[in-house]
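Right, one structure below, let's go through it.
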Ligand code: CAO
């Protein structure tokens, strides 16, 4: 056993820093590299890791204290080490920390290369200040050959202030933020998350311009009047040349406004590297966590509390959806409680998920299938010969496939990132089958390339398999769109729930003979009630109107299917 003293290492230029977080307590067993304290200069914060494993016997630094290189942080009791050896290690650790400090805490340590200066820089004093593009490069890493870039905090078009983090890098010892040495606008980035970076590697191009600085200040000081300062500046100098290659802070990236806003919020997060690292490991977006430390600083405890709350949140019940109160029905009369089948439970969960996730819209139409029914009935002798019964369903399938080809918005799914649409170049159509065990949706593949006879056979085969619970998993996968036909059962209309991740479903009800004007003549026509539900995130009312118009036209005259 020996006692070892851990001191504040070389701070890489900063003479005094504030101890903003004490990460351990007396009696704690710490491992090598575990954060002992977090210190912060006016530019950045950094962890001071333990140089060895041991037990904390005393702490000499209080939260909020100002510390300098060489100040004692704490004492550790180390098993089986001799004093001399530890002295040496402690010095080594100091050197390691100096790397971190040099990078993170001292803005002057951030290397800046001026790559281009616009010619207007030499213009007379009355001209607006010219833009200067500066390349921010990876500074001296204090011995580390390469560090991994783990987080990009800004994007092109973002306005950053001097000292704002641009990226977060991580060596095998610690993570560190690279602060911007200047106030300006990010023009471009040279790096991507996951890159391995070494000293001197270019990170970002930052355009620095007097007008931008005025705007940045104006935004910071008077957000309700953002345009006032730049406008005044322009009025004073009517003859000035137009501003060179506009850095276009706020307006230019309006389409990226949300993304930029998100990134800016990232840089607004006030947390040390250890907390950021833990957040990455836990997959927590720090901008959603409330800091309880001084000036809203995020501590590890805040992160733990956030995760605990999220884990304990009741499953399946959103915060805004009140639960239905439990009722003892037996108080009103005799009841018989039966367990739900597995299929029923899965169906219920799927319906609930779709209902909650998908903004549904349902449109209604009636297709005149008088001619279709004449044609179908004319096939009866051949049906008997082939031993196949053809219902209206295969015609509906074929017409839907054609409508999907003509309206790709319906033959699509939302990308899981919520920012893309997946258009499918195949047309697989599912059909809801009512079975004693519950609802099943087998999928008929490549409907657009199959004929009515083949479709009839396949519909019957799959419906029979469904009813006998013999469907294989792959026979229920890959659907692009679903048809739910209750025509053989009854009803005048219903609003089907989209079978996610599909974006559309067609409900078919029982055909009725109705008096319809055909030209000037009132005629009895066979009208098929249709309802089309769709995910309004992927499909608009116009798309649905066109889909329905196309579908009704094809059903009214199935010869169109061969066009
Ligand atoms: N209008 C009037 N009659 C119709 C019709 C319609 N829209 N659709 C079918 N029919 C007729 C058929 O022609 C058949 O008549 P015949 O017995 O005189 O020949 C009869 O109704 C029964 O048809 P069917 O239901 O056996 O066959 P289908 O091809 O129409 O449908 C299947 C097959 C598997 C889709 C169907 O049996 C089924 O399970 N439907 C229920 C779907 C469902 O539950 N949807 C709700 C999902 S949400 O809970």
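Residue numbers (the numbering used here): 6 to 568. We put the CB at the ideal spot given by N, CA and C, even for glycine. In this text, all values refer to a predicted model and were calculated from it rather than measured experimentally.
{"Check": "Nearest to residue 390 by alpha carbon, out of 170, 340, 458?", "Outcome": "458"}
{"Check": "Could you give the C-beta distance for residue 434 and residue 447, rounded to a whole number, given that I count them as a contact under 8 Å?", "Outcome": "Incorrect: roughly 10 Å between the Cβ atoms, too far for contact."}
{"Check": "Considering Cα atoms alone, identify which of 214, 201, 195, 199 is closest to residue 208.", "Outcome": "195"}
{"Check": "Rank 277, 7, 449, 25 by C-alpha distance to the C-alpha of residue 181 and give the top, closest one.", "Outcome": "277"}
{"Check": "Determine the DSSP secondary structure at residue 369, reduced to helix, strand or coil.", "Outcome": "strand"}
{"Check": "Mind checking residue 306: buried by the 16 CB within 10 Å criterion, or exposed?", "Outcome": "exposed"}
{"Check": "Would you kindly work out how many angstroms separate the C-alpha atoms of residue 59 and residue 345, rounded to a whole number?", "Outcome": "56 Å"}
{"Check": "If you run the structure through DSSP and keep just helix, strand and coil, what is residue 499?", "Outcome": "coil"}
{"Check": "Going by the C-beta, is residue 513 closer than 7 Å to any heavy atom of ligand 1?", "Outcome": "yes"}
{"Check": "Provide the residue span of the beta strand (DSSP E) that contains residue 142, from first to last.", "Outcome": "137-142"}
{"Check": "Could you tell me the distance, in whole angstroms, from the CA atom of residue 281 to the CA atom of residue 156?", "Outcome": "10 Å"}
{"Check": "Can residue 434 be considered in contact with ligand 1, in the sense that its beta carbon sits closer than 7 Å to one or more heavy atoms?", "Outcome": "no"}
{"Check": "Going by alpha carbons, who is nearest to residue 368 out of 197, 171, 501, 521?", "Outcome": "501"}
{"Check": "Rounded to the nearest angstrom, how far is the Cβ of residue 412 from that of residue 551, given a contact under 8 Å?", "Outcome": "6 Å"}
{"Check": "Between residue 476 and residue 399, is the Cβ-Cβ spacing less than 8 Å?", "Outcome": "no"}
{"Check": "Please check the pair residue 416 and residue 486, which I expect to be a contact at CB under 8 Å, by giving their CB distance rounded to whole angstroms.", "Outcome": "7 Å"}
{"Check": "Apart from the five residues on each side of it in sequence, which residues of its chain come closer than 6 Å, Cβ to Cβ, to residue 540?", "Outcome": "363, 503, 508"}
{"Check": "Starting from residue 486, trace the beta strand (DSSP E) both ways and give me its first and last residue.", "Outcome": "486-490"}
{"Check": "Does ligand 1 have even one heavy atom less than 7 Å from the beta-carbon of residue 394?", "Outcome": "yes"}
{"Check": "Could you work out which residue in 494, 495, 350, 490 is closest to residue 443 when comparing CA atoms only?", "Outcome": "350"}
{"Check": "By Cβ distance below 6 Å, which residues in the same chain neighbour residue 298 in space, the five residues on each side in sequence not counted?", "Outcome": "304"}
{"Check": "Name, in chain order, the residues that DSSP records as bridge partners for residue 440.", "Outcome": "443"}
{"Check": "Kindly indicate the opening and closing residues of the beta strand (DSSP E) around residue 521.", "Outcome": "517-523"}
{"Check": "Only counting runs of 3 or more residues, tell me where the beta strand (DSSP E) segments fall wholly within the segment 35-76, in order along the chain.", "Outcome": "40-45, 50-54, 59-64"}
{"Check": "According to DSSP, simplified to helix, strand and coil, what is residue 351?", "Outcome": "helix"}
{"Check": "Please list the terminal residues of the continuous beta strand (DSSP E) segment that includes residue 417.", "Outcome": "417-419"}
{"Check": "Am I right that residue 203 and residue 153 are in contact with their C-beta atoms under 8 Å? What's the rounded C-beta distance?", "Outcome": "Not quite, the Cβ-Cβ distance comes to about 11 Å (not below 8 Å), so this is no contact."}
{"Check": "Just mark residue 11 as buried or exposed, buried being the case when its beta carbon has 16 or more other beta carbons within 10 Å.", "Outcome": "buried"}
{"Check": "Residues bridged to residue 189 by DSSP?", "Outcome": "165"}
{"Check": "Hey, how far is the Cα of residue 51 from the Cα of residue 172?", "Outcome": "14 Å"}
{"Check": "Go through its chain and collect everything with a Cβ distance to residue 285's Cβ below 8 Å, but skip five positions before and after it.", "Outcome": "155, 156"}
{"Check": "Following the continuous alpha helix (DSSP H) through residue 399, name the residue where it begins and the one where it ends.", "Outcome": "397-411"}
{"Check": "On a CA-only basis, which of 335, 515, 418 is nearest residue 484? Give me that one, please.", "Outcome": "418"}
{"Check": "Decide if residue 334 is buried, meaning its Cβ has at least 16 other Cβ atoms within 10 Å, or exposed.", "Outcome": "exposed"}
{"Check": "Following a CB-centred definition, is residue 492 positioned closer than 7 Å to any heavy atom of ligand 1?", "Outcome": "yes"}
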